Structures are given as C-alpha cells and as structure tokens.
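Participant: Heads up: the sequence shown is residues 1 to 633, going by UniProt numbering. Positions of the beta carbon are idealized from the N, C-alpha and C atoms, including for glycine. Keep in mind the model is a prediction, meaning the values are calculated, not measured. Take a look at this one; I'll ask things after.
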Amino acid sequence: MTYQQQYRHSIEQPEAFWREQAGQIAWYRQPDQILSQDEQGFFRWFPDGQLNTAYLALDWQIEQGRGDQPALIYDSPVTGTRRTDTYRELLDQVARFAGVLRRLGVGQGDAVIIYMPMIPQTIVAMLACARLGAIHSVVFGGFAPHELAVRIDDLQPKVILAASAGKERDRVIDYGTIINAALAEAVHAPSHCVMYQREVHRVDLQPGRDWDWDELAATAEPADCVPVLATDPLYVLYTSGTTGRPKGIVRDHGGHAVAMKFSMQNVYGVEPGEVFWAASDVGWVVGHSCIVYGPLIQGCTTVLYEGKPVRTPDAGAFWRVVAEHQVRSMFAAPTAIRAIKRDDPDGLRARDYDTGCLRYLFLAGERCDIATLQWAERVLGVPVIDHWWQTESGWPMISNMAGQELLPLRPGSATKPVCGYDIRILDREGRELPPNKEGAVVVRLPLPPGCLPNLWHNTERFRNAYLTEHPGYYSSGDGGYRDEDGYFYITGRMDDVINVAGHRLSTATMEEALASHPAVAECAVIGVEDALKGQVPVGFAVLKSNVTLDPEVLEAELIQRVRDQVGPVAALKHVILADRLPKTRSGKILRRTMRLMSEGKTWQLPSTIEDPSVLDELLSLLDSKGVSATNAT
C-alpha cells in the first residue's frame, strides 16, 4: 500500500488495522477483542491478550535465530569503554537479574525505581522488571534528591535499583549521596536498594538496606517470563507538570509492544539485524522506545552511548559512532545537531569518517529550525526527517514514514500523521481550522496503541490535562497548522504564542528568522510582560565558534532580520548574545524559566536542568542589557 492507503485504512478501520499489526508480534494468548473501554470510559487496546515484553525483546528473538547477533553495543567515550552483548548474552543477564528481583520479593504488579546512568546494567534492570511483570520507573540519573523523593513517594516502589555514580566528561556524580538524601526526605521506604558499583566511584553500602548488584547476580537463579495482560502497566515515566508535581505517564504492555514493532519497521525504516542508534538517554521516553524496547522487539542491534555530541572528545563524536558501528538509522535531538554545528560550522569532522552506512537521520525532542535541518542534510547527504511526538504518545505522531513510503520533504514540516493518529487543528471554541490557520494540535480519540491510557493513580488529572479542553480529542498542548497538502507544521507549545499589542505572534517564527542568520548556531525567543504592549519578545542567540563580527553590529542585523521576515509588529528590541542557553538534560531550552527571569519574577531551579551555572551567566547578561532579572527562590 501507499502511505495514503495505509493511513486511511488505519483511520477508517482502526480495529482491523491494529489486529493486523498485533499479528506481527508473539502472544501467549492472541487478543480476540482489539479495542474496549474500561470502567472509567478510557479506551484500552487488546484487553484480553496475554504477552511479555521482555520475551518479545529477547527470548523470541533467539527463537528466530538471532542468539549470536549483537543486541546491545555499549560505547562510552567518557570512560573509554566499549562492549557488545549478543541476544543470548543479554538474555542471560536479564534472566539472572530477574532472579535477583524475585529473591527480593518483587513480583507481578510491584513497582521498582531505576536510578542509573547510560550503562548496560540499566537496560538489564528495565528488561528484568518487564520479565517479572513488575512496573519500572526510570528516573534520570543525577536528578536532585528532592525530585527523586517526590517520585519515590508517588510510585511507592518495593525496590530501588541504582548505580554508584554517573560519569561525565569532566566530573563524577555521586549517586549514593543523592539516594541517601532522597530516602531521608521520602515518606515511603523501599524494602531494598541494589547498588551497581562503578569503577569510577564506589559508595559505602548501608547494612540492612543496600545490596551489592554483582554479588546478588552471581548466585541468582534465572527467572522465566511472567505472562501479563496487554493492559497491565509496563512502566511509569514521569514528565514535568505545570503544578510542579510530575505526571506519571503509564505505558501498558500490549499496545506498547505493537506500537514499537510498527514504528521501528514503518517509521524508522530499520530491518531486523540492522543497527539503530538513538542518541538519547534511557531516562527519557526516547530512550525507552528507541534505545531499549523498539530496536530489540524489532530484532535490531541498538547502541547505548554514554557521552555528548561534542567534547567527548570533539564535534566528530556522533559521526565516529555511526561509522564504527555501521548505524543504518539514527535519532537525535535538534539541540545536539546545533551543538555540533556550533563547534564545527563547516561540518569538517564528518569527513573524517565514512558515514555511507547511514540511511536516515531523524530529529525530534524540540522544534527543529530549518537552518539546522539543512545543515545536517549537507553534511551527511541523507534525508533528515523532522518528526513530532511526546512522552505521552510514546512513539511518533507526525513523521515521514520512511519504512513505508518516503514523501517529499518540506523544511519546517514534520510531514504527515503517522498511521493511527487522526490529527486535527482546532480553534479555541473547538472548531476545525482550514489550511494555514494556526491553532491547537489535537488527536481524535481513541489514541492508537502505545499511547498513555491514564496517569499513575491520578485519573482526574489525566482528564483535566488531556481530555477536557476539547471533548472527544486528546489535547497535545502544542500549536501548529497544516497546509493544503496535509503537511503539518508544529510551531511550539501553545503558551509560546505571545500577544504584542493585540497581535498574536509565534515565537517560533521569530526564532526561525534568527536561526537563518549565518552566524547563529542556536537561538530562543521568549515573550515578556510589557506595560504598553502587553508582551514584547526578547531574543537570545548562541553564535558559531568561528564568528568574528562585532556584537553590536550583529545584534542590529538580527533585530533587522526579524523585522524583515516577521514585520515591525514583532517589536523585537533585544537580542542577547550568550555562550549557551539553559536546557534540560534532554536538550529542551528552558524558555519558561528564562521568561520568569526576564520579567523579574521569582523562579525555581528546574529539576531537569543540565547545568545550573548557565543561569548565573544568563542573569548577568540580562542585567547588562537592562532587562529585569531576579534570583531563584
């Protein structure tokens, strides 16, 4: 089928479509019922099916003859370590560690928190939980004690799995101290904590609470897979919430497994036996879907990379990984590509490596500016596919479906909806908007398999956050529009639209204008309060490493560029040149924090920030420009 035929089939006959896709994975009990509604009125997929996600990722792959195929390539430039595990070797580790968990009293439906860095043991921990039917929640290694404590109290885990340390280019993060502080603050007390001791830093174990990972694994009896219902939860992944309390996104076994298989084959275009690399972290949804579960369920080799896009050791790090491990399809955040572009503006480091194996580069995680996308296309010589999805969806919502039919690329567009997603653009009253009119991006219910069925123990918040604003639709919180040909353009969060003297303007449009300047590596535009106009934009720009222009001249050029491309109504008066922008560890620019600082309001240090020191730099810059600024509470 063509993309359009396949997509229409998925929307017009969703149950028939997803029954066909469910037939692509192995079940203990094939589902007879494809779609139902639970007692709360929420849609559930494959409710009477039984399966096990770890079985699909490991045991079933070995039964298909992939036992000696590499399953996991661990590449850690920060420790100088490289290691490859076959499917058979990875299964042995997972089954043994599932035995460890079983000995500690973990069973089906119990919760486990995993607080670990980008090491193979983290993937072993996730799959071991899945093997037992236990629910895992990976908390990004390095999160502050309070944030870890909040998640401990919300999830109520029976066991915490941890590593002694995280390793970055120039520092070691002591996880033991963080865990001790979090457990001292938390009300809930897990029964056990299992610690994997890393050579870069070992911690003292607390008697009666802590266990040594290797010692337990050495004597453990391997555990078999436990059949679970398709609607049973596989994991809970916390995402930030506007109330300050994180939201526990629930992912179920059945819909997730079907969606992983479908997306790896049809969206990312990788075949069993090929190498897929997502340059992300297992603490984020991309790591769950595109480092662990998706590639292994598809029978691919997955790459686990413990490093950065630059300075581990240089801006050629990504291209080395691609060439050395023969990566066929790659996923990265736009911010990673911008960092490479900043340090290597002409893409010279890519010439040091043979990246001819690469078929596609996919970008997501934050809106990708056209200049960065086109730069990557020139450097790599392959299609660079901007696509859009969320923690809540768990897999792509809008994308060029490379494994099905590669549609013509349109810079600035994430292309068309992925099969199963009936995406609309609505105004504030819920009316569908015509082409080229910007509004709220929503998805008509039911959401396809793999998307969140609910929030962890918070049904009311689930309804209010996603289902109330536009009844019958899932509200994504993002704004955008579609053109006459059905291509969708995501312009950013709805609260990134600012009102300047009665004119609603997208900060994304202004960012696009700034990013088009040849001196700019990355940028951000925020709206700040103004007594006269309501709001006015303030721009921030990080320059490429080889720029020698006079800062005042460059600022004037950038302001004029926005005036020329957006219009004088934008009223952009300030463009602040910075060495770097405050970001989360997943690469998202912390625009809300920047806005509060620029307005002189109190703000809190975001739990997800990659480097808090950048905020001190930003405060000084704002002060030097006469823009209001205030310190954190």
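1. For Pro145, which residues of its own chain have a beta-carbon under 7 Å away from its beta-carbon, when the five flanking residues on both sides are left out?
2. Under 8 Å: do the stretch 372 to 380 and the stretch 345 to 354 share three or more Cβ pairs, one atom per stretch?
3. Which runs of the alpha helix (DSSP H) spanning at least 4 residues fall entirely within the stretch 308 to 342, listed in chain order?
4. Can you find a CB in chain B that lies within less than 8 Å of the CB of Leu445?
5. Are Thr86 and Gly99 close, meaning C-beta to C-beta below 8 Å?
6. In terms of residues, what are the limits of the alpha helix (DSSP H) holding His256?
7. What first and last residue would you give for the alpha helix (DSSP H) that runs through Ser10?
8. Using C-beta distances below 7 Å, list every residue in its chain close to Glu610, excluding the 5 sequence neighbours before and after it, in chain order.
9. Could you tell me which residues DSSP puts in a beta bridge with Cys368?
10. Which residue's Cα is closest to the Cα of Thr491: Pro411, Leu455, Pro453?
11. According to DSSP, is Val443 part of a helix, a strand, or is it coil?
12. If you drop the 5 nearest sequence neighbours on each side, which residues of the same chain put their C-beta closer than 8 Å to that of Phe43?
13. To the nearest angstrom, report how far apart Asp386 and Thr548 are at their CA atoms.
14. Thinking just about the alpha-carbon of each residue, which of Pro222, Gln560, Gln298, Leu514 is nearest to the one in Ala371?
15. Mind checking which residues open and close the alpha helix (DSSP H) that includes Trp213?
16. Out of Gly283, Ser624, Ser263, which has the shortest C-alpha to C-alpha gap to Thr122?
17. Specify, as a first and last residue, the run of the beta strand (DSSP E) that Arg82 falls within.
18. Helix, strand or coil for Val78? Go by DSSP, reduced to three states.
19. Please list the terminal residues of the continuous alpha helix (DSSP H) segment that includes His146.
20. Using the three-state DSSP reduction, which class does Gly41 fall into: helix, strand or coil?
21. Buried or exposed: which applies to Gly133, given that a residue is buried once 16 or more other Cβ atoms fall within 10 Å of its Cβ?
22. Which residue wins for smallest C-alpha separation from Tyr7, given the options Pro417, Arg367, Ser76, Ala71?
23. If you draw a straight line from the alpha carbon of Val322 to that of Gln33, how long is it in whole angstroms?
24. With distance defined between alpha-carbon atoms, name the residue in Glu529, Ile337, Gln197 nearest to Pro117.
25. Does the separation of the CB atoms of Gly527 and Tyr481 fall below 8 Å?
26. Compare the Cα-Cα distances from Gly394 to each of Lys167, Val286, Thr415 and report the closest residue.
27. Look at Asn546 and Gly403 and say whether their C-beta atoms are less than 8 Å apart.
28. Output yes or no for whether 8 Å exceeds the beta carbon distance between Thr231 and Thr391.
29. Measure the CB-CB distance between Phe331 and Ile398 and report whether it falls below 8 Å.
30. Within the chosen definition, does the stretch 571 to 581 reach the stretch 527 to 546 through at least 3 CB pairs nearer than 8 Å?
31. Taking DSSP as the reference, what is the three-state secondary structure of Asp422?
32. Specify the secondary structure class of Gly65 as computed by DSSP and reduced to three states.
33. What does the alpha-carbon distance come out to for the pair Asp369 and Val187?
34. What ranges does the beta strand (DSSP E) occupy inside the stretch 377 to 425, keeping only unbroken runs of at least 3 residues that lie completely in it?
35. Rounded to whole angstroms, how far is the Cβ of Val327 from the Cβ of Val275, which I believe are closer than 8 Å?
Facilitator: So, to answer that:
1. Indexing the sequence shown from 1 puts residue 145 at position 145. So the list reads Ile178, Ala181, Ala182, Glu185, once near-sequence residues are dropped.
2. Note that the stretch 372 to 380 touches the stretch 345 to 354; at least 3 beta-carbon pairs, one per stretch, sit closer than 8 Å.
3. Segments of the alpha helix (DSSP H) lying fully in the stretch 308 to 342: 317 to 325.
4. The structure shown contains no chain B; it is built from a single protein chain.
5. Residue mapping note: residue 86 aligns to position 86 of the sequence shown, counting from 1. Residue mapping note: residue 99 aligns to position 99 of the sequence shown, counting from 1. No. Outside cutoff.
6. Numbered from 1 along the sequence shown, position 256 holds the residue referred to as residue 256. For His256, the enclosing alpha helix (DSSP H) begins and ends at 253 to 266.
7. In the sequence shown, counting from the first residue as 1, residue 10 sits at position 10. For Ser10, the enclosing alpha helix (DSSP H) has its first and last residue at 3 to 12.
8. For the purposes of this step, residue 610 is taken as the residue at position 610 of the sequence shown. Excluding sequence neighbours, Glu610 sits near Lys583, Thr584, Arg585.
9. What you label residue 368 is simply residue 368 of the sequence shown in a count that begins at 1. DSSP output for Cys368 lists no bridge partner at all.
10. For the purposes of this step, residue 491 is taken as residue 491 along the sequence shown, with counting starting at 1. Checked all of Pro411, Leu455, Pro453; the closest Cα to Thr491 is Pro411.
11. If you number the sequence shown from 1, residue 443 lands on position 443. Here Val443 sits in strand by DSSP.
12. As a position in the sequence shown, residue 43 is number 43, starting the count at 1. For Phe43, same chain residues with a beta-carbon under 8 Å away, outside a window of 5 residues either side, are Leu35, Ser36, Gln37, Leu445, Pro446, Leu447, Pro453 in chain order.
13. The residue given as residue 386 occupies position 386 in the sequence shown. The residue given as residue 548 occupies position 548 in the sequence shown. CA-to-CA, the gap between Asp386 and Thr548 works out to about 31 Å.
14. The residue given as residue 371 occupies position 371 in the sequence shown. Closest by alpha carbon: Leu514.
15. For the purposes of this step, residue 213 is taken as the residue at position 213 of the sequence shown. Where Trp213 is concerned, the enclosing alpha helix (DSSP H) stretches over 213 to 218.
16. To locate residue 122, count along the sequence shown from 1; it is residue 122. Ranking Gly283, Ser624, Ser263 by Cα distance to Thr122 puts Gly283 first.
17. Sequence index remark: in the sequence shown, residue 82 carries index 82 (1-based). Where Arg82 is concerned, the enclosing beta strand (DSSP E) stretches over 81 to 86.
18. What you label residue 78 is simply residue 78 of the sequence shown in a count that begins at 1. Residue state, collapsed to three classes: coil.
19. As a first step, residue 146 is located in the sequence shown; it is residue number 146 there, counting from the start. His146 -> alpha helix (DSSP H) spans 145 to 155.
20. Position 41 of the sequence shown, counted from the first residue, corresponds to residue 41. Judged by DSSP in its simplified three-state form, Gly41 adopts coil rather than helix or strand.
21. Working through the sequence shown from its first residue, we reach residue 133 at position 133. Buried: at least 16 other Cβ atoms inside 10 Å.
22. The count along the sequence shown starts at 1 and reaches residue 7 at position 7. With distances taken between CA atoms, Tyr7 lies nearest to Pro417 out of Pro417, Arg367, Ser76, Ala71.
23. Residue 322 sits at position 322 when you count from the first residue of the sequence shown. Residue 33 sits at position 33 when you count from the first residue of the sequence shown. It is roughly 42 Å from the alpha-carbon of Val322 to the alpha-carbon of Gln33.
24. In the sequence shown, residue 117 corresponds to position 117, counting from 1. Nearest C-alpha to Pro117: Gln197.
25. Taking the sequence shown and counting its residues from 1, the one referred to as residue 527 is at position 527. Taking the sequence shown and counting its residues from 1, the one referred to as residue 481 is at position 481. For the pair Gly527 and Tyr481, the CB atoms are not nearer than the 8 Å cut-off.
26. One-based indexing of the sequence shown puts residue 394 at position 394. Comparing Cα-Cα distances from Gly394 to each of Lys167, Val286, Thr415, the minimum goes to Val286.
27. Locating residue 546 in the sequence shown gives position 546, where the first residue counts as 1. Locating residue 403 in the sequence shown gives position 403, where the first residue counts as 1. Contact flag unset, no.
28. Taking the first residue of the sequence shown as 1, we reach residue 231 at position 231. Taking the first residue of the sequence shown as 1, we reach residue 391 at position 391. The Cβ atoms of Thr231 and Thr391 lie no closer than 8 Å to each other.
29. Here residue 331 refers to the residue found at position 331 of the sequence shown. Here residue 398 refers to the residue found at position 398 of the sequence shown. Contact annotation: Phe331 and Ile398 have beta-carbon atoms that are not nearer than 8 Å.
30. The stretch 571 to 581 vs the stretch 527 to 546: in contact.
31. In the sequence shown, residue 422 corresponds to position 422, counting from 1. Coil.
32. For the purposes of this step, residue 65 is taken as the residue at position 65 of the sequence shown. DSSP places Gly65 in helix when its eight states are reduced to three.
33. The sequence position of residue 369 within the sequence shown is 369, counting from 1. The sequence position of residue 187 within the sequence shown is 187, counting from 1. Between Asp369 and Val187, the C-alpha separation is close to 44 Å.
34. Complete beta strand (DSSP E) runs here, min 3: 384 to 386.
35. For the purposes of this step, residue 327 is taken as residue 327 along the sequence shown, with counting starting at 1. For the purposes of this step, residue 275 is taken as residue 275 along the sequence shown, with counting starting at 1. About 5 Å separates the Cβ atoms of Val327 and Val275, confirming a contact at the 8 Å cut-off.
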